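Some notes on the structure that comes next.
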Amino acid sequence: MCGIVGYIGDRQAAPVLLDGLEKLEYRGYDSAGVAVADGNGNITIVRAKGRLSSLSEKTDGGKALKGCCGIGHTRWATHGEPSECNAHPHFNDEQTLAAVHNGIIENYTELKQKLLRRGYNFYSQTDTEVATKLVDYYYKKHKDPVKAIANFILRVKGSYALAVLFKELPGRIYAVRKDSPMIVGVCGNDAFIASDVPAILKYTKSVYYTGNAEIVCLSVGTACFFNLDGETIDKSPVEIKWSAEAAEKGGYEHFMLKEMHEQPEVVKDTLAAYLFGSEIKFPNTSLDEEMLGKIGSIVVVACGSAYHAGLAAQYVIENFARLPVRVELASEFRYRAPVAYKNCLVVAISQSGETADTLAALREAKRLGMRTLAIVNVVGSSIAREADDVLYTRAGPEIAVATTKAYSAQLIVGYLLAIKLAAVRGTMTKERKDELVAELLLIPDKIRSILLNKENIQRFASEAANKKNVFFIGRGVDYAVSVEGSLKLKEISYIHSEAYAAGELKHGTISLIEDGTLVLGIMMQRRLLEKTLSNLVETKSRGAFVAALTYEGNDKADPDADVKLVVPPTDDMFAASLAVIPLQLFAYYLSVLKGNDVDKPRNLAKSVTVE
Ligand code: F6R
C-alpha cells in the first residue's frame, strides 16, 4: 500500500529510485512519481499514472533526471482518483520543497482550510498535498527542517511515512513516520529510506528501524535521528538475514509460484528456529515454562490469511493444550470494547507486522493490560516491536500480494506453541509430543511431494475454469483451511467463492447449490470423514460437481467424488499445512488461465497500513 524510496549518495538518484520502487510494486499502486534534486538543490518532479513502466518511459529509465538526491513514490489511491495530478511527489507553491507520503492524514480537511486561509493553493485532491504544504508552512516559520517536521507531527492526526526534499538544504532528505513503515539503510556513501527492506536489499542488509515520530536526516553516507525536541537519538542498525535473490523471481513466472515452492524450506527454517532436538524453545522471549504455565486463555487477533492461520491454531491449541482460544478479526477487536481476561495472552499474527488493524488491536490489548505476543515475519516491524514478545516466522520476503509461504510459516509457529503449551500444562504425554515433533519434521518433504505433482491440480483448475461459484467445505481444521482456500481463489482468480463449516450447509447455504456448482470438500480429519462426506453427497444430489481433497489411502469419497485430489497423510491437527498447498495451486492456475495479474491482483495491496 504506497511505497516510498529515498536515496542520496554518489550515484544518479532516479535509476536507484525506479529500481527501489519496482521492488515495492508488490505493495500495490496505481501511479508513481519521483523528485530529484540537482547539485544546486533545484528539484524536478516527474509523475505518471499507471505502471512504473510509464514513469520509466517518461524519464528514460531515470537517465533524464540529473542529481544524486531524490525521493520516489508508488501511490495506492485513498484521497482522489488515480491520476498524474494526484500522484506524488507534491511541491509547495514555490516549488522549493517536495514531499511524498504514505498513510492517511485524518484531519486533512481542517488543515487544508487553515492553509487556504494562509494563502496556499491546492492542485490535487490528496491529503499529501496538505501534508507537503503544512511542512512548508512550518519550515517558513521556523527556518529549521527538524522543527518544521516536529510541528507537523504535533498537528497531524492519522498515519504517515513522509519524506521531504528542501531546495535550501541540498544533499539532504528529511523523513518521519507514524504507524506507517519506513526503514533506513546506510552503506558507504549511499543512504536510503524505504517502505520495506526489499527496496534496498541489493545495496545493504544493514537497516535502521525508525520509531514513531522519530525524524530522520539522510545525507551522503549518514543517517541522523532526532526526537520531537530536536535532540539526537542513538540508533544501531540491524543486520537483515534475507538475501537479495530472495526478493527476485528466480526464474519462476510469478512471485506467487516461487513463494509456493519455497514452502518446504520456509517450514523447515521456521521449525529449526524453535526446535532443539525434540525440545521446543522460544529463545530471546519471556515465553519460558513458568510464564507459559500461567496462561489461562488465548485471544488471537489478525486479518485475512493471518486470521485463517489463527483459526487453524485455535483448533490445534485447544486440542493439544486444552486451553480456551478465541480468534478475532483485528478490525472488530479494536472497536468492540473487548473485555480483558486475567492471564489471557493476546497473540497478534501478521506477515508484514504493519497491518493497521492488527497493530491497533495489539495496542488495545496492551491498553487493557493484557500480555501480548506477536507472530510476525518482518523483523523490526511495528507489531514485532510493540508486542511484549515476538516469535518470528522464517518465510523471508514475501512479494506476491496473495500470501502463501508466510501463512504456512504462521501455521508452524501455531503448532509449536500448541505443543509447548500442552507439554507445560501436562495435557500431552512425552511420547505423543515426540511423535508430533517427528511428524512436523516430515512436513517439508510432504509439501515438496505435493508441489512435484502440481500438474494434477493444474488439470483440475482447467476443468474448473468456467465455474462461476466455488464452495469449500470442511470440519475442524479442514474448515479453517477451507476458508483460506476460498480467500486465495477469490483474491487472485476473481471467481466467487465461499467457505462453510460442512455442518452449516443445511442451515441455509445449500440453497445456493445449482447444477454444476463446484463444491470442494476437505476430508483430512479422520474422525469426521463420514460427516463431511455426507454433506458433500447432499450437495451432489442437488446437482453439485463434487471434488474431495483427502489423504492418500483414504478411498471413502471415491464412489461419490467427481474429482479426487490427494496429499500425503499427516496428523489431523497438521492437516492445514498439506491441504492448503493444492488450494493455493488451484487458485494460482485459475488466475493464470484467466490471464489475471497473479502477483498484483486488482484492488489489493500487500501491506494494509490503513484501516
Ligand atoms: C491474503 C493476504 C491478506 C493478508 C492480510 C494480513 O492472501 O495476504 O489477507 O493475510 O492482509 O496481512 P499481514 O499478515 O501482513 O498482517
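Numbering (this note's numbering), first residue to last: 2 to 612. Yeah, the Cβ is synthetic: ideal placement off N, Cα and C, and Gly gets one too. No experiment lies behind these values; they were computed from the predicted model shown.
| query | result |
| --- | --- |
| List the DSSP bridge partners of Asp180. | Tyr161 |
| Here's a check: name, in chain order, each residue in its chain whose Cβ is nearer than 7 Å to the Cβ of Gly29, leaving out the five neighbours to either side. | Met2, Trp77, Val402, Lys601, Leu605, Ala606 and Lys607 |
| Given Arg372, which residues of its chain have a CB within under 6 Å of its CB, disregarding the five upstream and five downstream residues? | Leu346 and Asp389 |
| Tell me the residue span of the alpha helix (DSSP H) that contains Val425. | Lys406 to Arg426 |
| Roughly how many angstroms lie between the CA atoms of Leu155 and Val268, to the nearest whole one? | 44 Å |
| For Ile350, list the residues DSSP reports as bridge partners. | Ile376 |
| Can you tell me whether Glu492 is buried or exposed, with buried defined as 16 or more other CB within 10 angstroms of its CB? | buried |
| In chain order, what residues of the same chain lie with their CB nearer than 6 Å to the CB of Pro265, ignoring the 5 residues before and after it? | Pro445, Ile448 and Arg449 |
| At a cut-off of 8 Å, would you count Ser306 as near ligand 1, judging by its Cβ distance to the nearest heavy atom? | yes |
| State the start and end residues of the unbroken alpha helix (DSSP H) segment that holds Asp358. | Ala357 to Arg368 |
| Measuring straight from C-alpha to C-alpha, what distance separates Arg48 and Gly73? | 9 Å |
| What's the call for Asn152, buried or exposed, on a 16-neighbour Cβ count within 10 Å? | buried |
| Based on the DSSP secondary-structure assignment, which residues constitute the bridge partners of Lys282? | Paired residue(s): none; Lys282 is not in a bridge. |
| Under 9 Å, Cβ to Cβ, is there at least one residue of chain B near Lys142? | No chain B is present in this structure, which holds just one protein chain. |
| Taking the CB atoms as reference points, tell me whether Glu240 and Lys206 lie closer together than 9 Å. | yes |
| How is Gly7 classed by DSSP in three states: helix, strand or coil? | strand |
| Do you know offhand how far Arg433's Cα is from Ala224's? | 52 Å |
| Please indicate yes or no: does the CB of Ile184 lie closer than 8 Å to some heavy atom of ligand 1? | no |
| Would you kindly work out how many angstroms separate the C-alpha atoms of Asp270 and Ala558, rounded to a whole number? | 35 Å |
| Which residues share a DSSP beta bridge with Cys70? | Ile9 and Ala38 |
| State buried or exposed for His89, treating a residue as buried only when at least 16 other CB atoms are found within 10 Å of its CB. | buried |
| Kindly examine ligand 1 and report whether one of its heavy atoms sits closer than 8 Å to the Cβ of Thr614. | Given that the chain is displayed from residue 2 to residue 612, the structure contains no residue 614 and the question cannot be resolved. |
| What are the uninterrupted segments assigned as beta strand (DSSP E) that are 3 or more residues long and contained completely in the region 447-531, given in chain order? | 470-475, 497-502 and 519-524 |
| What span of residues does the beta strand (DSSP E) with Glu329 cover, start to end? | Val326 to Leu330 |
| For Ser54 and Leu488, what's the separation of their Cα atoms in angstroms? | 30 Å |
| With the cut-off set at 9 Å, would you say Ala314 and Gly172 are in Cβ contact? | no |
| Give the range of the alpha helix (DSSP H) segment to which Arg48 is assigned. | Counting along the chain, Arg48 falls outside any alpha helix (DSSP H), though it belongs to the beta strand (DSSP E) covering Ile44 to Lys50. |
| Going by alpha carbons, who is nearest to Leu422 out of Leu521, Tyr501 and Ser298? | Ser298 |
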